[in-house]
């Protein structure tokens, strides 16, 4: 089965960075406590933070 060329991986969330003082992340399909409802996606954000890397634009 071939996928259409316009197909992309589903986006699990996105981030918005405001200067160098604030990064805002949303996690699609998450409830109030993100690690319980979306553990894989929250781990991506948490690892980026711990490693001092910029948050991914989409994940």
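Numbering (this note's numbering), first residue to last: 88 to 146. Glycine is no exception: its CB is placed at the ideal position from the N, C-alpha and C atoms. Since the structure is predicted, the reported quantities are computational estimates derived from the model, not experimental observations.
Neighbour-count burial assignment, residue i, 16 or more Cβ in a 10 Å radius
i	result
residue 129	buried
residue 100	buried
residue 118	exposed
Rounded separation between residue i and residue j - CA only
i	j	result
residue 102	residue 145	7 Å
residue 125	residue 109	22 Å
residue 141	residue 134	10 Å
Option in the options with minimal Cα separation from residue i
i	options	result
residue 114	139, 132 and 138	132
Backbone secondary structure at residue i - three-state DSSP
i	result
residue 132	helix
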